[in-house]
Amino acid sequence: ELDAEFFARFGVEDGELATFRQNVRSQMERERDREVADRFRSETLKRLGEANPIDVPQSLVARDADLMAQQMRQNMMMQGMPPEQAETIVPEAFTEDATRRVRLGLVLSEIVKREQIAVEAEVVRAEVERQAANYQDAESVIKWYYEDPERLQEIEMRCLEQKVVDWVAGQAAVKEVELAFDALMNPGQTGPDAKEEA
Numbered sequence: 299e300l301d302a303e304f305f306a307r308f309g310v311e312d313g314e315l316a317t318f319r320q321n322v323r324s325q326m327e328r329e330r331d332r333e334v335a336d337r338f339r340s341e342t343l344k345r346l347g348e349a350n351p352i353d354v355p356q357s358l359v360a361r362d363a364d365l366m367a368q369q370m371r372q373n374m375m376m377q378g379m380p381p382e383q384a385e386t387i388v389p390e391a392f393t394e395d396a397t398r399r400v401r402l403g404l405v406l407s408e409i410v411k412r413e414q415i416a417v418e419a420e421v422v423r424a425e426v427e428r429q430a431a432n433y434q435d436a437e438s439v440i441k442w443y444y445e446d447p448e449r450l451q452e453i454e455m456r457c458l459e460q461k462v463v464d465w466v467a468g469q470a471a472v473k474e475v476e477l478a479f480d481a482l483m484n485p486g487q488t489g490p491d492a493k494e495e496a
């Protein structure tokens, strides 16, 4: 039953259906915007790597593949896989992905250097605050990021990567595609003609 008690469970203090609907709409719009940005970023980076088929040092590929295999083994053991079974996960299974990652890393580094792209401290701070906003004690999360240079560097690298994506997007022809909300949020699970304002 849609009553004040129901709405209160979703943070609607005035108990009004209109407020509840507005909150749901706002949340869906935030999710949509985040998904669109994530997809755009992923597609841009994928195409950037494909457009620059440079040879990459095999030592870097081997190191990256080994790291990816280690991470997969740890994840699988955390999910209950026996260690002896996790040891069957070998770096060679990640060579293709590692090659793509190394190639993309080299291309991004070259663009950053050539175009003199840098990330300002305010941009990093805004991203840290955005990440922290997902938690109840946002101030503690912000402090947690700033206490460890490696954690902060991850955020800086993500911001730098985003600046490169923005730069690439400014150089490229970008085609907009209209999708229904469900098609955007659940790719491959809706019909091909699902078209609605997203």
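Residue numbers (this note's numbering): 299 to 496.
Where a beta carbon is used, it is the ideal one built from N, C-alpha and C, also for glycine.
Please read all numbers here as calculations on a predicted model, not as lab measurements.
{"Check": "Given A363, which residues of its chain have a CB within under 6 Å of its CB, disregarding the five upstream and five downstream residues?", "Outcome": "P389, F392, T393 and A396"}
{"Check": "Counting along the chain, where does the alpha helix (DSSP H) carrying T393 start and finish?", "Outcome": "T393 to E413"}
{"Check": "With a CB to CB cut of under 6 Å and the five nearest residues on each side skipped, what residues in its chain are close to R399?", "Outcome": "D362"}
{"Check": "To the nearest angstrom, how far is the alpha carbon of A424 from that of P447?", "Outcome": "17 Å"}
{"Check": "Quick check on V359: does DSSP put it in helix, strand or coil?", "Outcome": "helix"}
{"Check": "Name the residue from L458, R412, L450 and L406 whose alpha carbon lies nearest to the alpha carbon of V426.", "Outcome": "L450"}
{"Check": "Return helix, strand or coil for G378, following the three-state DSSP convention.", "Outcome": "coil"}
{"Check": "Let me know the secondary structure DSSP gives N373 once reduced to three states.", "Outcome": "helix"}
{"Check": "Report yes or no: do the stretch 460-469 and the stretch 405-416 share at least 3 C-beta pairs separated by less than 8 Å?", "Outcome": "yes"}
{"Check": "Measuring CB to CB, does T342 end up less than 8 Å from A467?", "Outcome": "yes"}
{"Check": "Just reading off the alpha helix (DSSP H) that P447 is part of, what are its end residues?", "Outcome": "P447 to Q469"}
{"Check": "Report yes if the CB atom of R401 is closer than 8 Å to the CB atom of G347, and no otherwise.", "Outcome": "yes"}
{"Check": "Span of the alpha helix (DSSP H) holding L343?", "Outcome": "L315 to A349"}
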